[in-house]
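Residue numbers (my numbering), protein chains in the order written: chain A, 3 to 555; chain B, 3 to 555. Since the structure comes first, as C-alpha cells, the remarks are kept for the end.
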C-alpha cells in the first residue's frame, strides 16, 4: 500500500499533468451536496483505454483503491465522491465520438462524451436522428448516466435497452468487449445487442466490476409527426384514476411517453424560495405554494407532460384522440401541441406577452420545439438545486461548490394508482415532518412501473440542515422500502440503508467480485450486495462472505 | 468421480422413479437430429427448486457433470444432448404457472411450462393478454427457449427483454434471485427488470453458470385492432430494395413486425419431398420448386408475413396505408387481413373451395385468426423435419426418434438489403454444392438486425447423408462468420466452429465460471468462451485459461 509510489508510477504512465494532488482540487472532488467524509488522495485522468489499463495495473501492484467517474455530475447522489476513500479516476479526457452511423442509427462514444456534445453532433450533421434527453445538466456523461441505469424521457428512455456492445477494462487491467464486439470482423457488432454466450453488459451497470471505456448507443429516428401534451390535476384524489388510466393507455400500444411533476418541482425550476414573503418560515406554506403555482404559464398541483411519437399525422391524430378520450373529465386542464399549433402560438406570442406578461415563445420552446422529450438538453432543471439558497443562482452553476443541499432518492412503484398514491403520501408526510418540500417527479418508464425521483433541497450554509436533511432522507428511503418501493438506483448516502437479500446473492456476487478484482481495488463499497458496515456488525450467513468482509478491513 | 454413488444419492433425494438409467431411455436422450457421440449415464428429474439444489450438491460431492434441459426440444441444435457426456437433468416435472396477473400483465413460470400450457391458461381465463408465439413445437419450454435467447415473432418477440426476475440455482446448489426478487416484500419484483446493483439475468442466458428454476415473464395486452399482411417477391434482385424499405418502415415507428420465408421453407411445412416426380434426384429441381410454389394458396419465392398491432382502427389504418405505400411496386403480391376481411373470406370460403379446391378457412386461421403472430401455438412447422423422409409424417412427431436429419444455423445480419442478399447468396451457393435445399426464414427482430434461421433437412436413414449434411453445415456456419454474420445462438454442433475472441474474454469468463462452478460440473462445454478442442491444440494466451483447460480433461 504505497500511495506515493503509485502516484509516481501514474505520473510516469499518463503524464504529470494528469495526476492531480493539489489540496484545492482534492477538496473540491471530496465535496458533494451533503456531508461526506471520504478522502481522495489523488485524481488520475487517463486519456485512453490503454492508459486506463496502465492505471489499473499500477493500482493493483500498489493495492490502491480507484473510483472511476466519467464527468462526476452525480449531484444529489454523491457527486464524484467514492463510497470508501479512493483515488479518483476521471475519464472526461476520453471524449471522442468515434463512430456515427445515420443509416443504422447508432454512435460509438467514450465516457467523456456529454449529452450536449452528442446533441451538437446531430445538429451539425443535420441528422434525422435524435438522442434521448436527460433531466440533469447537458454536461453529464452519457456513459456515466447509462451505466448507472439512469434513464431519459422518450421512447429510448430506458438507455440500457439501447446499448449495444461495451468495451470494459477489468480491475486487473484486462479488456473484455461485450456482445458481438469480441469477434473479429463482426458485421453486427454495433447492431446486435446480445452476442454469443452469456450476455454480460448488465454486470457492468450499477457495478464495481469493470470500467466502461467505450459504448455503442442506439439513436432514434425522429418521428414524422411529433406532439406534446400537458395535463393538470389539482386534486390528490384524482391521482389514482389518472395513473390507472395512464397504465391502460400505455398497455394499449399508444406511442406515448409521459412524466408527471408536482408543483414543488416545477416551481423550483423557475424561482427560488420566497424567503421574504414567508418571513423565513419553512417549509413552504400552502397559500404560498398556491400563489407560486400561478408563475409563468401556471401549473397544477400535479402536471403531466407527455409526447406522442408517430410515423404519420394520421396515426398521431388517432393516438391523440384516444388520449383525449381517456383523460376527459379526469384532469383539470388538457392541452396538445403540434407543429401547426406551435406556429400559431408563436404568431400571437408578442401580443399575448404585451397583454398578459407571459412569454409564450419560451413555453413553446420548452414544451415543444426544444423539448427534452425530443432530446434537447437543457440546464433549466439545475436551478432547482438553488431553491433554498438565499443568494441568487450564479451564471455557472456548481451545486457542490455552491453548498447546495441536495438528496435524490429514487423509489420504483407499480404502475397502479393505489401504489403511486401510497408512495406519494409517504413522501409528503415525511417531508412535512422534516420541514422540507416534497419535490417530486414521476416517470412512466414502462407499461408496468413508475420510477420516482424525489429531491430534498436545502441550504448547506444553514446550520443543522445537513443533519436534518440526512435524517429526512434516511427515513424516506427506509420507509419506502418497507412499503415495497425499492429504489432503481442508489446514491452514496443510500448504500448502507439497503436490506440484505433474502437469498445467497451476497456470497455469489462476492465470489464474482473476487474473481474479477482479487485485491478489491475497483470502487470498493459501490453497489455491493450487502453494505460493508452490515457485514461487520452482523455475522454473514456463509463463510465466504465472512472471509471477504474480514479481508476488506 | 462415482456415478453409481451419485445415482444412489439422487434416488434417495428425489425418488427412484425420477432417476432413469434404463438403456432404452438413455439411448433415446443421446439421440439428436444429427450424429452425436456424447453419452448420458443417467437422467435425473427433480420436481422442485429444492430438489434441483439437492441434485447439484450431490453432483458436486461426486464430481459428476450435469446438463439441465427443460423440455429438451432443441431439435436441429442438439435436442437434449450435452456438449460433453453428462447426466441429463430434465426439469419438465416443474411445470407450474405459479402466478398470473391480468392487470399488470405477467406470469410466473417454471421450466416445464410450455407455450401450449400458457396459451391454454390465457384462453381459460378469457384473458385480454397474449403471449408471444414460437415457430417450434407448442410443447417446448418457455424458459428453455428464453434462456437460449430464442425469440418469437410479435412485439414481445425479443423474449429476454420481457423477462423480469429469475430464480437461479447455482452449480453449488446456492440460490440467487435476480432483479428486485432478492428483496423482502418488494412490490416491484415482477415489474421492474433491473433490480439494484449489477443486472445479472443476462449471465444465465446461453450459459452454463446456473439453472433457471423460475421466471417472471411479461405478457402483452391484445391490440384493439390487429391486421396481418402478406407480400410475395419472385425476383432476388428485388430483395435489396425490399429489406431497405422494411428497415426504413421499422425505424419510422410503424407498429409492425414481419418475417420472411423462402419457398423451400413454406413448401416443407405443407408437403414432403416429391421423390416420385423427381425420380429420386436431389436437390429439388427448379421446375419442381416452381410447381410446388402453387401448392395451397400459392407462394412466392420470398414471402413476407407481417402484422400490425394498433390501439385503434384509425391508427391501424394509418399504418397500413404507410406500409402499402412503401411497398407498392416493390412486391409482386400484397394482401392485408383484418377482422372484417377475415369474416368476408369465411363467407365465400365454401364456394371457393368447391370451385378452386383451396380451403380459405384454413388460410384465414393460419394467417389471421389463429396466427402465430397473435401467439397461437402450432405444430405445423414441425412437418418440415420430415421433408426428405420417404415415409409419411407420423401422427406424433419425434424428429430424434424418427431419424429426421435437421441442422439449424442462425446467422445475424445487419438490417440492410445488401447484407441480407449477400448472406442469402452464400447460403444458396453452399446448399447447392451439397445438394440440400436452402430452407430459410428471416426475422426482423429490431430496427437494426435480421436474425436468420436456416435449416438443412435430410434423411438420416440414407447412408452418407449425416456426413454430407454436417460438412454443409460446417461450411455454412464458418463462411457466414467469415463474412461477419455471427450466429445469435449456437447448436451443439457449432461450439467448436466459433473463433476465439479478440480480447481477454476467455480468461475473464473462465474466472467467473470457476468462481461459480469450481468443479466445472454444470453443463461443461456449453457456450464456453473458447471451444474446448481449441484450447487443447493451441496454447491459451493466459495461464488462467491454460490451467482451466488442463483441469477439464
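Cβ atoms here follow ideal geometry from the backbone N, Cα and C, with glycine treated the same way. Note that the structure is predicted; figures quoted are calculated from it, not measured.
- Counting C-beta pairs closer than 8 Å gives fewer than three between the segment 35-51 of chain A and the segment 505-514 of chain A, which falls short of the contact rule.
- Around the Cβ of residue 397(A), a 10 Å sphere holds fewer than 16 other Cβ atoms; the residue is exposed.
- Listed in chain order, the non-local C-beta contacts of residue 348(B) below 7 Å within the same chain comprise 363 and 366, local neighbours out to five positions each way being set aside.
- Using beta-carbon distances, residue 208(A) counts as an interface residue toward chain B, with a partner under 8 Å.
- In summary, the residues of the segment 185-206 of chain B whose CB is separated from some CB of chain A by less than 9 Å are 185, 186, 187, 188, 189, 190, 191, 192, 193, 194, 195, 196, 197, 198, 199, 200, 201, 202, 203, 204, 205 and 206, in the order they occur in the chain.
- The beta-carbon of residue 415(B) is placed less than 8 Å from the nearest beta-carbon of chain A.
- The beta carbon of residue 391(B) sits no closer than 8 Å to any beta carbon of chain A.
- Within the model, the alpha-carbon separation for residue 331(B) versus residue 236(B) is close to 13 Å.
- DSSP, reduced to helix, strand and coil, places residue 461(B) within a strand of the structure shown.
- Around the C-beta of residue 389(A), 16 or more other C-beta atoms lie within 10 Å, and the residue is accordingly described as buried.
- Counting along the chain, no beta strand (DSSP E) covers residue 531(A), and no H or E run does either.
- Fewer than three beta-carbon pairs drawn from the segment 456-470 of chain B and the segment 490-505 of chain B are found closer than 8 Å, and the two stretches are therefore not classed as touching.
- In this structure, the straight-line span from the alpha carbon of residue 80(B) to that of residue 492(B) is close to 9 Å.
- Not a single C-beta of chain A is nearer than 8 Å to the C-beta of residue 62(B).
- Against chain B, the CB of residue 121(A) has no partner CB under 8 Å away; the residue lies outside that interface.
- Against residue 486(B), the close residues of chain A are 187, 188, 189 and 190, in the order they occur along the chain (beta-carbon pairs closer than 8 Å).
- In terms of beta-carbon proximity, residue 253(A) lines the interface with chain B, with at least one pair separated by less than 8 Å.
- Contacts between residue 218(B) and chain A, judged by CB atoms closer than 8 Å, are missing: the closest CB pair is about 10 Å apart.
- Residues of the segment 87-105 of chain B that bring their beta carbon within less than 8 Å of a beta carbon in chain A comprise 105, in sequence order.
- Counting only runs of at least 3 residues, the segment 229-299 of chain A fully encloses the following beta strand (DSSP E) elements, listed from N- to C-terminal order: 258-264.
- Chain-order list of chain B residues neighbouring residue 132(A): empty, with the shortest C-beta distance near 12 Å, by a criterion of under 7 Å.
- Contact between the segment 515-533 of chain A and the segment 227-243 of chain B is absent, with fewer than three C-beta pairs closer than 8 Å.
- The DSSP-derived three-state label of residue 441(A) is strand.
- Around the CB of residue 282(B), fewer than 16 other CB atoms lie within 10 Å, so the residue is classed as exposed.
- The beta carbon of residue 321(B) sits closer than 7 Å to the beta carbons of 256, 257, 258, 310 and 312 from its chain, once the five residues preceding and following it are set aside; these are given in chain order.
- Non-local C-beta neighbours of residue 138(B) in its own chain, meaning closer than 6 Å and more than five positions away in sequence, are absent.
- 500, 501, 503, 504, 505, 506, 507, 509, 510, 511, 513 and 514: these are the residues of the segment 494-515 of chain A whose beta carbon lies less than 8 Å from some beta carbon of chain B, given in chain order.
- For residue 143(A), the secondary structure class from DSSP, reduced to helix, strand or coil, is strand.
- Where residue 474(B) is concerned, there is no enclosing beta strand (DSSP E), although the alpha helix (DSSP H) around it starts and stops at 467-484.
- When the beta-carbon positions are compared, residue 391(A) and residue 274(A) come within less than 8 Å of each other.
- Straight across, the Cα-Cα distance linking residue 72(B) with residue 117(B) is about 12 Å.
- For residue 169(A), the enclosing beta strand (DSSP E) starts and ends at 165-171.
- A Cβ of chain A is located within less than 8 Å of the beta carbon of residue 177(B).
- Against chain B, a Cβ distance below 9 Å from residue 529(A) picks out 198, 199 and 200.
- The beta carbon of residue 96(A) sits closer than 6 Å to the beta carbons of 112, 113 and 114 from its chain, once the five residues preceding and following it are set aside; these are given in chain order.
- Shown here, residue 343(B) sits in a helix according to DSSP, grouped into three states.
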